[in-house]
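**Student:** Under full-length UniProt numbering, the first residue of the sequence shown is numbered 1, with each subsequent residue one higher. There's a structure below that I have some questions on.
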Amino acid sequence: MRNVDRVNVKVRQGTVSGVKEKLPNGNQFCAFRGIPYAKPPLGELRFRAPQPLERFQYPVLDCSAERDVCFSRNMFTQAAEGSEDCLHLNVYTPAPERCDRPLPVMVFIHGGAFLFGSGNSDCYSPEYLLQEDVVVVTLNYRLGALGFLHLPSQGIEGNAGLKDQLMVLKWVQDNIAQFHGDPHNVTLFGESAGAASVHLHLMSPVSQRYFHKAICQSGASVMEWVMQRDSVNRTRTLARLIDPAANSDEEVYQTLLKADKVELMGLMLNTLSADEKRRGLPMPFKPVVEESVGPDTVVPVHPFVAMQQPNRIPATPLILGNNDREGSIMMLDAMKKLDLYDNDMARMIPRTVNVAPESPASEQLGEEIKRFYCGAKGVTNETANQLADLMTDYHFGILANTCAELHTRYQQNSPLFYYNFSYDGELNMYKRLLQLSIPGACHADELSYLFLMRLANYDVKPDTEAAQVRRLMCRLWTNFAKHGHPTPADDQSLPFRWDAVDQPSPNAASEPFRLKCLEIDGLVPKMMVDPAKERIDFWRPKLSIRHNLMNTAAASCTARVVSGVIRGVTARLPNGRACFGFKGIPYAEPPVGSLRFRPPQPFKQHAEPVELDCTVERCVSLASSYLPPDSVGSEDCLYLNVYTPINPASVGPASDGTQTLPVMVWLHGGAFCTGSANSSVYHPEWLVEQGVIVVTVNYRLGPAGFLCLPSVGIYGNMGLKDQRMALRWVQANIGCFGGDAANVTLFGESAGAVSTHLHSLSERSRHLFHKAICQSGVSTSPIVFQKDPQVKARRLAGYFGCPEGASDDLVLETLMNVSPDVLAKHQKEALTAYEKTLDSVYAFRPTVEVAESDDPIVTEHVLQLLKRPNSVSIPMIIGVTDGEALYKINTFRQHLDRYKTDVTRFIPDSLNVPPEERAKVAQSIVDFYCGAGGISPETELQMSRIFTDIFYLIPAVQAVELQLNHQCGNIFFYHFSAETELNKFRQLWKIPGEHRGASHADDVCYLFSAPYFDTDAVGRDTRGWQLRETMCRLWVCFAKTSSPCPDEHEDVLWTPLTKPLVSTEINFSALNIGNECVKMGGLPTERIQFWKTLYEKYNFSE
1 MRNVDRVNVK VRQGTVSGVK EKLPNGNQFC AFRGIPYAKP PLGELRFRAP QPLERFQYPV
61 LDCSAERDVC FSRNMFTQAA EGSEDCLHLN VYTPAPERCD RPLPVMVFIH GGAFLFGSGN
121 SDCYSPEYLL QEDVVVVTLN YRLGALGFLH LPSQGIEGNA GLKDQLMVLK WVQDNIAQFH
181 GDPHNVTLFG ESAGAASVHL HLMSPVSQRY FHKAICQSGA SVMEWVMQRD SVNRTRTLAR
241 LIDPAANSDE EVYQTLLKAD KVELMGLMLN TLSADEKRRG LPMPFKPVVE ESVGPDTVVP
301 VHPFVAMQQP NRIPATPLIL GNNDREGSIM MLDAMKKLDL YDNDMARMIP RTVNVAPESP
361 ASEQLGEEIK RFYCGAKGVT NETANQLADL MTDYHFGILA NTCAELHTRY QQNSPLFYYN
421 FSYDGELNMY KRLLQLSIPG ACHADELSYL FLMRLANYDV KPDTEAAQVR RLMCRLWTNF
481 AKHGHPTPAD DQSLPFRWDA VDQPSPNAAS EPFRLKCLEI DGLVPKMMVD PAKERIDFWR
541 PKLSIRHNLM NTAAASCTAR VVSGVIRGVT ARLPNGRACF GFKGIPYAEP PVGSLRFRPP
601 QPFKQHAEPV ELDCTVERCV SLASSYLPPD SVGSEDCLYL NVYTPINPAS VGPASDGTQT
661 LPVMVWLHGG AFCTGSANSS VYHPEWLVEQ GVIVVTVNYR LGPAGFLCLP SVGIYGNMGL
721 KDQRMALRWV QANIGCFGGD AANVTLFGES AGAVSTHLHS LSERSRHLFH KAICQSGVST
781 SPIVFQKDPQ VKARRLAGYF GCPEGASDDL VLETLMNVSP DVLAKHQKEA LTAYEKTLDS
841 VYAFRPTVEV AESDDPIVTE HVLQLLKRPN SVSIPMIIGV TDGEALYKIN TFRQHLDRYK
901 TDVTRFIPDS LNVPPEERAK VAQSIVDFYC GAGGISPETE LQMSRIFTDI FYLIPAVQAV
961 ELQLNHQCGN IFFYHFSAET ELNKFRQLWK IPGEHRGASH ADDVCYLFSA PYFDTDAVGR
1021 DTRGWQLRET MCRLWVCFAK TSSPCPDEHE DVLWTPLTKP LVSTEINFSA LNIGNECVKM
1081 GGLPTERIQF WKTLYEKYNF SE
């Protein structure tokens, strides 16, 4: 390059030497390429926030050519390119002689799914923008794991790539005036992931001060593909793919710090969950909500929350828009697997629709989506264009529309200009390069109407329509950069006007939103209203308002708990009042590393003045999960959720006389091996609106929660001890939420009910709560306690390679070295081959602990505890459903021969029948229930009643009788037989329609909203709705007053059980909760008497 072509500019770090080049119109411009803006993020700086660069390496830095891009795969060739020393930017400015005043500055952030791309001129050469007299800055930022790894325990707060972008904005403020740019007029713009980045900066208090206008092209922070899920667990998974022995977070960090960048890149996609792969979202590392709030925290709250905080965005004008056929770019892959979409359209349900993957409701909605988009033909080559529309809506359109609505409702200081780019011309370069034939503008097609794409080696003549559309686009974008309006009044060259979107009242949720939009389809764009209206109208009612914060008051809220300040979110209850939700609150230290299999340790104080983000639910326990599949599992799972109708900010000290609310603590079911407390199944809004605070708890499951090997100090019941730790947390903290620590009701269903009953028997637990509700589970059930727990632990270790006969120390070492997800997945290997065929036998369950156990739950048989006078002196509700074991019918249909050839399967483990009498007793059971029909397809309902009785009804009766005889405290018994549209577990178990009744867990959705089951679809005038109101009232009255019906004028009369006059008397008066009425009645006395006789004969010593 000749010296005459050089131009030097002095910046804070030294002098940069650029080059003069020619614009298409013949004028000159200056290019300064590859300017370092931060220290190279190498060595100990890998994964961390960028550090300022004090001085260049040389007094005059050659910036005539671009430097390395950030390490990634090339989008088009898939070859690895770039390096970790990549934090460079490029500055382009009109020649100095043409700059008689400071020029507007446009800073561009490239797209690429946070995985690939760069700001270099192969795709983003800005000559056509420069002809409009602006300064353009393009940049590189770290990508993939190098840019978005998250491991806060090791100081890796995440979002390093976003912080690189923020560092560029700071550099621009410090230096752009030297390039004739105006630091007081900076427009931040980007496309796809770059647009999502712009949107995150727009809502970030630390970024907003560095720019003044924003443009988001085909991307916004609320879109399906933007925010990372389960980020910490993903980081750990990545490390363990490199070194399976990386157990502690320190080992995880060191493994990743030393890993080769090529290896990191090659393994990133292996961290995707099955759900992410199914949804077609192959973007593992991307932005996160940062746990600590500091001077460089770009994302302190979830974007959905931030968007609904009134006037969070300052007076910054925004352009937002999409291309009309964005999804065409996804069709390259989709066309190879049309049958997968045709057979599983539920994969295209956005997460913002509150229907969980693989649920019955999702299957139904998937079919509805397929019919709407593809009609009767389904997904075929003929309907490829329609599938492209669905891809467009799923990835971009639905949530772009939502984003526009939220912005105009809540960010009314920020005018919004919305566009739809549908021009299909010669410069639709991505469509050309990828050889796409679907009509319309695909993703990224608008870019070549702003930038010259040099790698394509293609341009058009100035007099072509495409060239004129390019001039139009550059004029609109630079007008906006100059004036804050794309069609200012003084620009007479434009024969149209682009109007801002009208702003509805933020509190008028019922006021319809109308999206005014500029349709860019040629040389004369035109205003229109509601682009793709029919498709958006299809989705609008499916986007839940309450659960996804779509139209709520949605300000964040805070509470000060013992460990520090936590931040939650405000939503609306069904009655319109506020609910203050705090999700994912840690109540114990993560049980990882050396804490695996050990009792929980109290959560330590988090650093002040940091507010811990508790706006979204965190990971749940790893399990052999069937419900709900949308939950993210992790060994780091000890979190709880608090829902309160009282704003914690209004809660005064306990001595000020403020009335506090009763507290209800929920323990979820799932056979101690599956499930979670998260709101996909257990959203307590119907309970909260009746004036209680509800706490839902995640606890360890499977071997993580119930492995027992006392010889090496593993005493079992860790999951129960997690629950107790949560109860201690409630006692210490619930007052901060307006709750009464002296009025706590512990309630649960199935395994959660068993847990509740066990805590009522535990000396170390029962003082932590004051009432109990046990739904379909008590501790006397024969399927509660493990048999031979040490043998199971050794058998599981053997499956993972531990030699037979090894010491228990080696058994524990083996199990400690198994990754947590693999341990959970293979927990059934602790069972024998025969045990795997038994009914409701799960390997890891509670145990009776040895006396020297740490913080034990129970150290004696529960029958002994129940007979100890006045050990349980709290009011209780205990109940069952009438068809608990209807879920067994499909098992009978698949394996009927098992039961024919081995009738002893019907004898519960708790019945001590001598071996020589087992066959006879088993046959008597079959004869009593099935009669002459015996074991046959015709008697499958009767066979299910055997398991209803032995697992649920009879244990409940036994527990109640013992408590009536030996304890004090009222007991209210219920028998649930209702069957309405809220019996969602019947649907989950796929119970044949010819068998009526309420299955196990069918009472749950009468207490909780369950987006997983689409319970919001139940109409107000239905029996399900009415019965839900009744049950919530009964449960809440019990929590408030110790009686479910304290008022004699209540329409429901529910009286407590009375102590029998003689031990053999059966006088059970239960509240029968049925379809037509809720009234006192009896239980199946004949069946109860049958089992009483057997237990008296064979368990007389007990």
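Here a beta-carbon is modelled for each residue, glycine too, at the ideal position from N, C-alpha and C. Since the model is a prediction, treat every value here as computed from it, not as a measurement.
Exposed or buried, R209, counting other C-beta atoms within 10 Å across all chains shown (16 or more means buried)?
**Tutor:** If you number the sequence shown from 1, residue 209 lands on position 209. Exposed, since its Cβ has fewer than 16 Cβ neighbours within 10 Å.
**Student:** Based on DSSP bridge pairs, tell me the residues matched to Q28.
**Tutor:** One-based indexing of the sequence shown puts residue 28 at position 28. Paired residues: K22.
**Student:** When we look at the beta-carbon of A246 and count the other beta-carbons within 10 Å, is it buried (16 or more) or exposed?
**Tutor:** For the purposes of this step, residue 246 is identified with residue 246 of the sequence shown, where counting begins at 1. A246 is buried by the Cβ-count criterion.
**Student:** Enumerate, from N- to C-terminal direction, the unbroken beta strand (DSSP E) stretches of 3 or more residues contained entirely within the segment 291-366.
**Tutor:** Taken in chain order, the whole beta strand (DSSP E) runs of length 3 or more contained in the segment 291-366 are 318-323.
**Student:** Run through the DSSP bridge pairs and tell me what H150 is partnered with.
**Tutor:** Residue mapping note: residue 150 aligns to position 150 of the sequence shown, counting from 1. None, per the DSSP bridge assignment.
**Student:** Between the Cα of L707 and those of P820, L640 and N678, spot the shortest distance and give me the residue it belongs to.
**Tutor:** Numbered from 1 along the sequence shown, position 707 holds the residue referred to as residue 707. Closest by alpha carbon: P820.
**Student:** For E979 and E916, what's the separation of their Cα atoms in angstroms?
**Tutor:** Translated into the one-based positions of the sequence shown, residue 979 becomes position 979. Translated into the one-based positions of the sequence shown, residue 916 becomes position 916. Between E979 and E916, the alpha-carbon positions lie close to 42 Å from each other.
**Student:** Look at V688 and T644 and say whether their C-beta atoms are less than 9 Å apart.
**Tutor:** The residue you call residue 688 lines up with position 688 of the sequence shown. The residue you call residue 644 lines up with position 644 of the sequence shown. A contact, by the Cβ cut-off of 9 Å.
**Student:** Measure the CB-CB distance between K286 and A113 and report whether it falls below 9 Å.
**Tutor:** As a first step, residue 286 must be located in the sequence shown, where it is residue number 286. As a first step, residue 113 must be located in the sequence shown, where it is residue number 113. Yes, the pair counts as a contact, with Cβ atoms nearer than the cut-off.
**Student:** Measuring CB to CB, does residue 1109 end up less than 9 Å from R470?
**Tutor:** Residue 1109 cannot be examined here, being either before or after the span of the chain that is shown, 1 to 1102.
**Student:** Would you mind reading off the limits of the alpha helix (DSSP H) that contains N233?
**Tutor:** Position 233 of the sequence shown, counting from 1, holds the residue named residue 233. Residues S231 to I242.
**Student:** Hey, out of E685, T674, E363 and D521, whose CA is closest to G702's CA?
**Tutor:** As a working mapping, residue 702 is identified with position 702 in the sequence shown. Checked all of E685, T674, E363 and D521; the closest Cα to G702 is T674.
**Student:** Starting from R567, trace the alpha helix (DSSP H) in both directions and tell me its first and last residue.
**Tutor:** Working through the sequence shown from its first residue, we reach residue 567 at position 567. Here R567 belongs to no alpha helix (DSSP H); instead the beta strand (DSSP E) covers G564 to R572.
**Student:** For V135, which of P102, V616 and D164 has the nearest alpha-carbon?
**Tutor:** Here the question's residue 135 lines up with position 135 in the sequence shown. Of the listed residues, the one whose Cα sits closest to V135 is P102.
**Student:** Taking the alpha-carbon positions, what's the H110 to S218 distance?
**Tutor:** The residue you call residue 110 lines up with position 110 of the sequence shown. The residue you call residue 218 lines up with position 218 of the sequence shown. Going from the Cα of H110 to the Cα of S218 covers about 12 Å.
**Student:** Report yes if the CB atom of E224 is closer than 9 Å to the CB atom of R279, and no otherwise.
**Tutor:** To locate residue 224, count along the sequence shown from 1; it is residue 224. To locate residue 279, count along the sequence shown from 1; it is residue 279. At a Cβ-Cβ threshold of 9 Å, E224 and R279 count as neighbours.
**Student:** Residue range of the alpha helix (DSSP H) that Y58 falls in?
**Tutor:** For the purposes of this step, residue 58 is taken as the residue at position 58 of the sequence shown. No alpha helix (DSSP H) contains Y58, which DSSP labels as neither H nor E.
**Student:** Tell me whether V791 is buried or exposed, calling it buried when 16 or more other Cβ atoms sit within 10 Å of its Cβ.
**Tutor:** Numbered from 1 along the sequence shown, position 791 holds the residue referred to as residue 791. It counts as exposed.
**Student:** Just the C-alpha distance for A456 and E127, rounded to the nearest angstrom, thanks.
**Tutor:** In the sequence shown, counting from the first residue as 1, residue 456 sits at position 456. In the sequence shown, counting from the first residue as 1, residue 127 sits at position 127. Their backbone Cα atoms lie some 15 Å apart in a straight line.
**Student:** Which value, in whole angstroms, describes the spacing of the CA atoms of P541 and A259?
**Tutor:** Locating residue 541 in the sequence shown gives position 541, counting from the first residue. Locating residue 259 in the sequence shown gives position 259, counting from the first residue. Near 47 Å, if we compare the C-alpha coordinates of A259 and P541.
**Student:** Closer than 6 Å by C-beta to P317: which residues in its own chain qualify, once you throw out the five before and the five after it? Chain order, please.
**Tutor:** Within the sequence shown, the letter at position 317 stands for residue 317. Hits under 6 Å: K213, P415 and G484.
**Student:** What span of residues does the beta strand (DSSP E) with I971 cover, start to end?
**Tutor:** In the sequence shown, counting from the first residue as 1, residue 971 sits at position 971. Per DSSP, I971 belongs to the beta strand (DSSP E) from I971 to F976.
**Student:** Which term fits residue 1121, buried or exposed, when burial requires 16 or more other beta carbons within 10 angstroms of its beta carbon?
**Tutor:** There is no way to answer for residue 1121, as the model of the chain reaches only from 1 to 1102.
**Student:** Alpha carbon to alpha carbon, how far is A584 from Q1026?
**Tutor:** The sequence position of residue 584 within the sequence shown is 584, counting from 1. The sequence position of residue 1026 within the sequence shown is 1026, counting from 1. Sequence check: residue 584 is Gly here, not Ala. Their backbone Cα atoms lie some 32 Å apart in a straight line.
**Student:** Compare the Cα-Cα distances from M331 to each of Q386, M106, D68 and L815 and report the closest residue.
**Tutor:** Here residue 331 is taken as the residue at index 331 of the sequence shown, counted from 1. With distances taken between Cα atoms, M331 lies closest to Q386.
**Student:** Rounded to the nearest angstrom, what separates A441 and P96 at their Cα positions?
**Tutor:** Numbered from its first residue, the sequence shown carries residue 441 at position 441. Numbered from its first residue, the sequence shown carries residue 96 at position 96. Taking the straight line joining both Cα atoms gives about 37 Å.
**Student:** Could you give the DSSP three-state label for V1036: helix, strand or coil?
**Tutor:** Locating residue 1036 in the sequence shown gives position 1036, where the first residue counts as 1. Correct three-state label for V1036: helix.
**Student:** For R1028, name the three-state secondary structure that DSSP assigns.
**Tutor:** Within the sequence shown, the letter at position 1028 stands for residue 1028. Helix at R1028.
**Student:** How far does the alpha helix (DSSP H) with G752 in it extend, from its first residue to its last?
**Tutor:** Position 752 of the sequence shown, counted from the first residue, corresponds to residue 752. Start and end: A751 to L761.
**Student:** Span of the beta strand (DSSP E) holding G879?
**Tutor:** Position 879 of the sequence shown holds residue 879. Element bounds for G879: M876 to T881.
**Student:** Whole angstroms is fine: what's the gap from G14's alpha carbon to C63's?
**Tutor:** Taking the first residue of the sequence shown as position 1, residue 14 is located at position 14. Taking the first residue of the sequence shown as position 1, residue 63 is located at position 63. Their Cα atoms are separated by approximately 12 Å.
**Student:** Can you round the beta-carbon distance between S680 and Y1012 to whole angstroms, since I take them to be within the 8 Å contact cut?
**Tutor:** For the purposes of this step, residue 680 is identified with residue 680 of the sequence shown, where counting begins at 1. For the purposes of this step, residue 1012 is identified with residue 1012 of the sequence shown, where counting begins at 1. 4 Å between Cβ atoms; contact.
**Student:** Report yes if the C-beta distance between E291 and P152 is below 9 Å; otherwise report no.
**Tutor:** Your numbering for residue 291 matches position 291 in the sequence shown. Your numbering for residue 152 matches position 152 in the sequence shown. Going by C-beta atoms, E291 is nearer than 9 Å to P152.
**Student:** Between F179 and the rest of its own chain, which residues show a CB-CB distance below 8 Å, the 5 nearest in sequence each way excluded?
**Tutor:** Position 179 of the sequence shown, counted from the start, is the residue given in the question as residue 179. Closer than 8 Å at the Cβ level, and outside the excluded window around F179, lie V9, C30, F32, V91, T93 and V135.
**Student:** CB L149 to CB L238, shorter than 9 Å?
**Tutor:** To locate residue 149, count along the sequence shown from 1; it is residue 149. To locate residue 238, count along the sequence shown from 1; it is residue 238. Going by C-beta atoms, L149 is nearer than 9 Å to L238.
**Student:** Report, in whole angstroms, the separation of the C-beta atoms of residue 1103 and Y423, which I expect to be a contact under 8 Å.
**Tutor:** Because the chain here runs from 1 to 1102, residue 1103 falls outside it and cannot be looked at.
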